[in-house]
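Asker: Just so you know, the sequence shown maps onto residues 0 to 437 in numbering that gives the first Met the number 0. Just so you know, even glycine gets a beta-carbon here, dropped at the ideal spot from N, CA and C. Note that the coordinates shown come from a computational prediction; the quantities given were computed from them, not determined experimentally. Can you keep this structure in mind? I'll have questions shortly.
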Amino acid sequence: MAWKSRTRNLQVFDTELSADTVEWCPVSSSHDILACGTYQLQKGTSEEDATTSRTGRVYLFEFRREGSVSPPLTELQRMDTAAILDLKWCHVPLSGEAVLGMAAASGELQLYTLSNSQEGSRSLHPLSSMEVGAERLALSLDWSTGRMDSSDVRVVCSDSAGCVSVLTLAEGGLTALSQWKAHDFEAWISAFSYWDTQLVYSGGDDCKLKGWDLRLGSSCPTFTSKRHSMGVCSIHSNPHREHILATGSYDEQVLLWDGRNMRQPLSESPTGGGVWRLKWHPTHDHLLLAACMHNDFHILHCKQALEGSGGACPVVASYILHNSLAYGADWSRLSLEEPAPCSPLAEEPKESLTESGGHLRIQYESPTASFDTSLEDDAGRYIPEGITAPSTAPTAGPVINSNEDASSVSCLLASCSFYDHMLHVWRWDWAPDEAQQC
């Protein structure tokens with residue numbers, strides 16, 4: 000069965016500060032709630048003043064489908080904070096309330112509850128915070144509850160000192176269970192295996208992907224992979240398929256892994272941009288959303304790779320309307336029943352920079368502005384050392400032949416970009432050719 004896909008922008012919101020992380024609430028009573036975090040580096044105002052500060056703001060929105068005239072997002076709250084590097088909702092309610100975790104540039108892991116006021120509006124309220132270390136930035140967090148399991152609620156956090164911390168939430172307060180030095184440089188990302196929450200993965204700027212078994216202690220990782228040729232900055236355990244892990248890197252590759260054999264990935268997919276965030280679809284086990292920094296946002300179809308074909312995952316859709324670094328992205332669990340109207344939509348990716356001729360220099364910057372990397376070949380294309388150059392940036396909407404995909408898919412997504420400080424809400428419609436009738 001041949002498929003077509005379309006993306007369509009629904010709303011754009013100016014976050015004023017650089018936007019780098021966005022999350023829809025996974026708790027069933029609050030699927031319409033969206034949080035967006037920002038990060039702004041403030042430098043001294045004069046040559047004599049060399050001080051810098053990192054400030055941020057968290058936005059809380061409600062998505063409403065009240066008609067085609069009014070914008071669907073309604074801002075509920077904005078709250079100034081330390082700069083936010085990552086935020087993620089706990090997948091299950093805690094004491095009856097949704098809880099949002101934030102990794103802050105102050106070195107703190109901060110938790111907020113989503114509470115209802117007497118007037119009926121919803122807002123975030125501080126629950127608990129804990130400093131993971133002095134003079135460091137908290138860079139990422141993940142909850143152990145990815146399979147909607149509330150039996151063992153913990154948080155893993157990584158930081159700019161290369162450390163990983165595991166914390167538990169007891170009686171409303173955070174308590175550290177363990178912390179260890181995991182990477183030589185920034186530990187950009189940490190994540191639980193949602194199928195065995197005693198297993199933790201971490202990725203760092205030392206180009207290493209590591210696994211840790213909390214039952215065995217932290218003195219030695221269960222594996223160390225150097226398959227990525229640059230810093231590892233995204234990891235996500237598949238909540239629908241046991242053992243399946245997705246990782247992304249500044250080397251512009253998405254790797255799929257079977258956790259039982261971490262010597263060789265199941266597949267390797269070039270994205271044309273450093274892969275800052277990866278998110279598996281909340282219900283479709285083979286759809287993977289990638290925020291690809293200099294090359295927009297892409298949805299990868301991973302079914303054949305997961306079934307052992309070994310080939311790269313094709314891109315079934317690309318969202319190309321951002322004008323800056325693609326950092327934050329997430330799927331909503333809200334249902335979009337009616338089809339999108341037939342109109343000019345963002346179906347095709349913009350021309351690949353690597354095909355535009357001339358001499359191109361791509362410079363990668365971390366959101367902390369702590370380093371940058373520039374690599375190029377004679378034609379001006381970014382090529383990681385030791386890697387054979389694949390074809391250029393992915394293309395949207397390849398024909399996928401699959402008789403197992405029985406019906407159309409309509410998804411609501413959010414994404415944010417850094418220097419232009421923009422939050423976009425958009426929809427993706429994916430359907431058989433015969434359903435695309437106007």
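From the DSSP output, read off the bridge partner residues of H90.
Answerer: In the DSSP output, where bridge partners are listed per residue, H90 has none listed.
Asker: Return helix, strand or coil for Q303, following the three-state DSSP convention.
Answerer: Q303: helix per DSSP, three-state reduction.
Asker: Does E170 pass the burial test, meaning 16 or more other C-beta atoms within 10 Å, or should it be called exposed?
Answerer: So E170 counts as exposed.
Asker: What are the partner residues of L72, as DSSP defines its beta bridges?
Answerer: Per DSSP, F62.
Asker: With H, G and I counted as helix, E and B as strand and the rest as coil, what does DSSP make of S177?
Answerer: Here S177 sits in strand by DSSP.
Asker: K3: buried (16+ other C-beta within 10 angstroms of its C-beta) or exposed?
Answerer: Burial call: buried.
Asker: Would G273 and Y249 be called neighbours here (beta carbons separated by less than 8 Å)?
Answerer: In contact: G273 and Y249 (Cβ atoms closer than 8 Å).
Asker: Which of the three DSSP states, helix, strand or coil, is assigned to H150?
Answerer: Per the sequence shown, residue 150 should be read as Ser rather than His. Of the three classes helix, strand and coil, the one that applies to S150 here is coil, per DSSP.
Asker: Mapping DSSP to helix, strand and coil, what is S29?
Answerer: Three-state result, S29: helix.
Asker: Quick check: the stretch 51-65 against the stretch 20-34, are there 3 or more CB pairs under 8 Å?
Answerer: Yes, since at least three Cβ pairs between the stretch 51-65 and the stretch 20-34 fall closer than 8 Å, the two stretches touch.
Asker: Please name the residue in T221, T6 and D19 whose C-alpha comes closest to that of K207.
Answerer: The candidate whose alpha carbon is nearest that of K207 is T221.
Asker: To which residues of the same chain is P340 closer than 6 Å at the C-beta, ignoring the five residues directly before and after it?
Answerer: Summary for P340: the model assigns pLDDT 40, below 50, so the residue's position carries little reliability; its value from the coordinates is reported in the next sentence. Counting only Cβ-Cβ distances below 6 Å, and skipping sequence neighbours, we find nothing.
Asker: Quick one: what's P125 bridged to in DSSP?
Answerer: For P125, which the question treats as bridged, DSSP gives the partners Y111.
Asker: Would you mind reading off the limits of the beta strand (DSSP E) that contains A413?
Answerer: Where A413 is concerned, the enclosing beta strand (DSSP E) stretches over V408 to S416.
Asker: Thinking just about the alpha-carbon of each residue, which of H321, C301, I243 and R332 is nearest to the one in S17?
Answerer: The residue with the shortest Cα to Cα distance from S17 is H321.
Asker: Look up G247 in the DSSP assignment and say whether it is helix, strand or coil.
Answerer: G247 falls in the strand class under three-state DSSP.
Asker: Look at the Cβ atom of V408, then the Cβ atom of W425, and state whether they are nearer than 8 Å.
Answerer: Taking 8 Å as the Cβ cut-off, V408 and W425 do not qualify as a contacting pair.
Asker: Mark R259 as exposed unless 16 or more other C-beta atoms lie within 10 angstroms of its C-beta, in which case mark it buried.
Answerer: The residue is exposed, with fewer than 16 neighbouring Cβ atoms inside 10 Å.
Asker: Taking a contact to mean a Cβ-Cβ separation below 8 Å, would you say E185 touches S159 in this structure?
Answerer: Going by C-beta atoms, E185 is nearer than 8 Å to S159.
Asker: Would A82 pass as a contact of Q39 if the rule is Cβ separation under 8 Å?
Answerer: Their beta carbons are under 8 Å apart, which means A82 touches Q39 by this criterion.
Asker: Going by beta carbon distance, what residues of the same chain come within less than 6 Å of F296, once the five residues before and after it are set aside?
Answerer: Only A290, Y318, A325, A328 and S414 meet the Cβ criterion.
Asker: Measuring CA to CA, which of S105, S416, H242 and L140 is closest to E134?
Answerer: Here the closest residue by C-alpha is S105.
Asker: Looking at the secondary structure, which residues open and close the beta strand (DSSP E) in which F12 lies?
Answerer: Run containing F12: W2 to D13, per the beta strand (DSSP E) assignment.
Asker: With H, G and I counted as helix, E and B as strand and the rest as coil, what does DSSP make of Y193?
Answerer: Three-state result, Y193: coil.
Asker: The beta strand (DSSP E) that contains W256, what's its start and end?
Answerer: Start and end: Q252 to D257.
Asker: Only counting the same chain, and skipping five residues up and downstream in sequence, which positions put a Cβ closer than 7 Å to that of P450?
Answerer: In this structure the chain extends from 0 to 437, so residue 450 is not present and cannot be described.
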